[in-house]
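A.B. asks: Below is a structure I'd like to ask you about.
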DNA sequence: GTAGGGTTAG
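In full-length UniProt numbering, the protein residues as written are 1 to 661.
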């Protein structure tokens, strides 16, 4: 190898690597290639390292070389190992380097911090800081940005922000755009959009001009909140400052517009992008595809996929997953499987999402055993099921009432050493509640706090519903008190559960006293709350009160929906007030609210119970004319009434013809 | 024109 061909400019790094390569490759039988020819000279290509063994072997070769490779080569090696996720190996090699007295650099040290952080050990990452001091390496923005990111990754938001503030306050290091972006991203991803925006404004006032990243983070946060106008305003603000938004900013906004159903604006943004010579990428198309799938337009989504291929943008695993999920959502399991097969045909590796989507689709259709087959298959393919996989299957078994199997899945999850999350508990607790096994449900509920988890609103709501279902009202009340003092802030669904529960057991006064408390703050209450109240009062013989409340709703500016009309109609039917019920049916339609299947079935049952068969037949014709039909409850009641009074049959000619057919 | 920290999709 002609060493002299390497110019002096390329000293140090390349020189030593080339030198190293020559001595190494001649003595190595390794099958992988670590070198490539660039402009006639051989340079080492660290990216060709395939596995941990390769990296470790290389390291040991490097440390025995004379002269030693320069610190840049060690740095490259370590960062390639980090890319391969061998964090602890990096740390161990670093320690060997220290023992051997090989010089280190700021680059090497920040990679050590990064390794600890990526292992979710930010606490250990801080122990690297004294090594800087000992070696006379000064701290820089990278040092702390890496630490801040590590803290966020462990959800230690306060610590991260505190560190950032300390750096600024004590002038330990000047934050740059990247450090700001890291803090902003950490905050925005945890819902602190306002603080994220404040940091952007702080940058604008201070010495650090925000760049495209800082703006993009804010835009994305606003979009995730559905604040699309604000996001578009920021986009325009950027343009005015001659900071040109890139595809990422546009993708964020398009995603927001799709998720919040503003499809016309999607088109506008799309053409705006193309006019700026910014062409939609795979991410843009995936956003569109997902938006369409979530609206149930899976075939349109497939068209988008065709379109992107025509435009030279290759669909990736996310594209296929989105479409699979789309088909699962509308119950077209066969098509979802078809997409999975195409994915395999195309040579794209399915990932954990692909398998979880299929598993979930199967479970939702009650095919839990097939879902278990998928789980076996993924293990064979080297994709380890995660907590979501297990949760989906547990939920599947709960949904079809096979609680023992659900419990078995939970036990396997624990055996595998996978940490159950709050969803796992909620699913299983819900399963036990539905089977009215409240003792076991409560036992699981208590277990949550021992697992470094916290019961959330859903947990409380599930347990409360379960307790009311079996009539353990005292325990339910206790649990609510406990929730108010130590749990999440009760929301409307919790109050709905309480109100519904009280009415169910005739505790009208308690329900009304809670309702009156809620009503003092109108934000606490919605149409569904009134629905529960009207239903509860009607069922407890207080139809007049129910009707009075119903009548004041419109004047309160609430838009009455089909459910609340149906509840009121049910109340009338319960008291045999069929004329009032029928009047209400007409009135709702006049008000632009059309009765549905439930509404008609309720009135039909009302007539049937009062043996007003002629009226019932008239209504039946109306409902069938509108494409509605009897539901199971009505059919059952009809059969019962006929068996008691066969002459009914003669009054319903339609049933005769049905019978003859 | 050597190496470390930041933004979008399931």
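For each residue, glycine too, the CB sits at the ideal point set by N, CA and C.
Let me know the secondary structure DSSP gives residue 367 once reduced to three states.
C.D. replies: The count along the first chain starts at 1 and reaches residue 367 at position 367. Residue state, collapsed to three classes: coil.
A.B. asks: Please list, in chain order, all residues of the same chain as residue 633 whose beta carbon is under 8 Å from its beta carbon, the five residues on each side excluded.
C.D. replies: Translated into the one-based positions of the first chain, residue 633 becomes position 633. Only 601, 605 meet the Cβ criterion.
A.B. asks: By Cβ distance, which residues of its chain are closer than 6 Å to residue 535, with the 5 residues on each side in sequence left out?
C.D. replies: The residue labelled residue 535 in the question sits at position 535 within the first chain. Cβ neighbours of residue 535 beyond the five flanking positions: 567.
A.B. asks: Quick check on DSSP: helix, strand or coil for residue 144?
C.D. replies: Translated into positions along the first chain, residue 144 becomes position 144. Here residue 144 sits in helix by DSSP.
A.B. asks: Is it right to say residue 635 is buried, meaning 16 or more other beta carbons lie within 10 angstroms of its own, or is it exposed?
C.D. replies: Your numbering for residue 635 matches position 635 in the first chain. Under this definition residue 635 is an exposed residue.
A.B. asks: How would you label residue 133, buried or exposed, when you count the other beta carbons within 10 angstroms and need 16 or more for buried?
C.D. replies: For the purposes of this step, residue 133 is taken as the residue at position 133 of the first chain. When all chains shown are included, residue 133 counts as exposed.
A.B. asks: Compute the Euclidean distance between the alpha carbons of residue 203 and residue 209, then round it to the nearest angstrom.
C.D. replies: Position 203 of the first chain holds residue 203. Position 209 of the first chain holds residue 209. Going from the Cα of residue 203 to the Cα of residue 209 covers about 6 Å.
A.B. asks: Thinking C-alpha only, which one of 468, 102, 256, 365 is nearest residue 226?
C.D. replies: In the first chain, residue 226 corresponds to position 226, counting from 1. Residue 256 is the option with its Cα nearest to residue 226.
A.B. asks: From residue 379 to residue 351, what distance separates their C-alpha atoms?
C.D. replies: Looking up residue 379 in the first chain gives position 379. Looking up residue 351 in the first chain gives position 351. If you take the alpha carbons of residue 379 and residue 351, they lie about 11 Å apart.
A.B. asks: Output needed for residue 572: all residues of its chain with C-beta closer than 6 Å, excluding positions within five of it in sequence on either side, in chain order.
C.D. replies: Within the first chain, numbered from 1, the residue matching residue 572 stands at position 572. The residues are 580, 581.
A.B. asks: With DSSP run on the structure shown, which of helix, strand or coil describes residue 489?
C.D. replies: As a position in the first chain, residue 489 is number 489, starting the count at 1. Here residue 489 sits in coil by DSSP.
A.B. asks: With respect to the alpha helix (DSSP H) encompassing residue 392, which residues constitute its N-terminal and C-terminal limits?
C.D. replies: Here residue 392 is taken as the residue at index 392 of the first chain, counted from 1. Segment 387 to 399, the alpha helix (DSSP H) holding residue 392.
A.B. asks: Quick check: does the Cβ of residue 229 come within less than 7 Å of any heavy atom belonging to the ligand SAH?
C.D. replies: The model on display carries no ligand, and the ligand SAH is accordingly not part of it.
A.B. asks: Report the three-state DSSP secondary structure of residue 138 (helix, strand or coil).
C.D. replies: On the first chain, position 138 is the one that residue 138 refers to. Looking at residue 138 - three-state DSSP - the assignment turns out to be coil, as it is neither helix nor strand.
A.B. asks: Enumerated in chain order, which unbroken segments of the alpha helix (DSSP H) with a length of 4 residues or greater are wholly contained in the UniProt repeat "PPR" (526 to 560)?
C.D. replies: The UniProt repeat "PPR" (526 to 560) contains these whole alpha helix (DSSP H) runs: 527 to 539, 543 to 555.
A.B. asks: Between which two residues does the alpha helix (DSSP H) harbouring residue 223 extend?
C.D. replies: Position 223 of the first chain, counting from 1, holds the residue named residue 223. 212 to 224 is the span of the alpha helix (DSSP H), which, as asked, contains residue 223.
A.B. asks: Taking just the CA atoms, how far does residue 410 sit from residue 390?
C.D. replies: By one-based count along the first chain, residue 390 stands at place 390. By one-based count along the first chain, residue 410 stands at place 410. Each residue's alpha carbon lies about 7 Å from the other.
A.B. asks: Taking 8 Å as the cut-off, does the segment 256 to 276 touch the segment 301 to 311 (at least 3 CB pairs, one atom from each stretch)?
C.D. replies: No: fewer than three Cβ pairs fall under 8 Å.
A.B. asks: Can you tell me whether residue 293 is buried or exposed? The criterion is at least 16 other CB atoms within 10 Å of its CB, across all chains shown.
C.D. replies: Within the first chain, the letter at position 293 stands for residue 293. Residue 293 should be labelled buried.
A.B. asks: Rounded to the nearest angstrom, what separates residue 129 and residue 135 at their Cα positions?
C.D. replies: Position 129 of the first chain, counting from 1, holds the residue named residue 129. Position 135 of the first chain, counting from 1, holds the residue named residue 135. Those two C-alpha atoms are separated by around 10 Å.
A.B. asks: Take the Cβ of residue 100 as the centre, count every other Cβ of all protein chains shown within 10 Å, and call the residue buried at 16 or more, exposed below.
C.D. replies: Numbered from its first residue, the first chain carries residue 100 at position 100. Its Cβ having fewer than 16 others within 10 Å, residue 100 is exposed.
A.B. asks: What distance in whole Å lies between the Cβ atoms of residue 468 and residue 504, which are believed to be in contact at a cut-off of 8 Å?
C.D. replies: The sequence position of residue 504 within the first chain is 504, counting from 1. The sequence position of residue 468 within the first chain is 468, counting from 1. About 6 Å separates the two Cβ atoms, so the contact holds.
A.B. asks: To the nearest angstrom, how far is it from the Cα of residue 277 to the Cα of residue 141?
C.D. replies: For this step, residue 277 is matched to residue 277 along the first chain. For this step, residue 141 is matched to residue 141 along the first chain. C-alpha separation (whole angstroms): 34 Å.
A.B. asks: Can you look up residue 452 in the DSSP assignment and give me helix, strand or coil?
C.D. replies: As a working note, residue 452 is residue 452 in the first chain. Correct three-state label for residue 452: coil.
A.B. asks: What does a CB cutoff of less than 7 Å around residue 372 pick up in its chain, not counting 5 residues either side in sequence?
C.D. replies: The residue given as residue 372 occupies position 372 in the first chain. Answer for residue 372: 393, listed in chain order.
A.B. asks: Let me confirm a value: residue 127 is counted as buried when at least 16 other C-beta atoms fall within 10 Å, else exposed. Which label applies?
C.D. replies: Locating residue 127 in the first chain gives position 127, where the first residue counts as 1. With fewer than 16 other Cβ atoms within 10 Å, it is exposed.
A.B. asks: Quick one, which of 243, 275, 213, 241 has its alpha-carbon nearest residue 252's?
C.D. replies: Locating residue 252 in the first chain gives position 252, where the first residue counts as 1. It is 213 whose Cα lies nearest to the Cα of residue 252.
A.B. asks: How far does the alpha helix (DSSP H) with residue 425 in it extend, from its first residue to its last?
C.D. replies: Position 425 of the first chain, counting from 1, holds the residue named residue 425. Run containing residue 425: 422 to 434, per the alpha helix (DSSP H) assignment.
A.B. asks: Rank 497, 533, 421, 196 by C-alpha distance to the C-alpha of residue 548 and give the top, closest one.
C.D. replies: Mapped onto the first chain, residue 548 falls at position 548. The shortest C-alpha separation from residue 548 is found at 533.
A.B. asks: Report the residue ranges of all alpha helix (DSSP H) runs contained in full by the segment 69 to 121; include only those spanning at least 4 residues, in chain order.
C.D. replies: Within the segment 69 to 121, the complete alpha helix (DSSP H) runs of at least 4 residues are 71 to 83, 87 to 99, 106 to 118.
A.B. asks: Excluding the 5 residues flanking residue 671 on each side, which residues of the same chain have their C-beta closer than 8 Å to its C-beta?
C.D. replies: Nothing can be reported for residue 671, as the shown portion of the chain is limited to 1 through 661.
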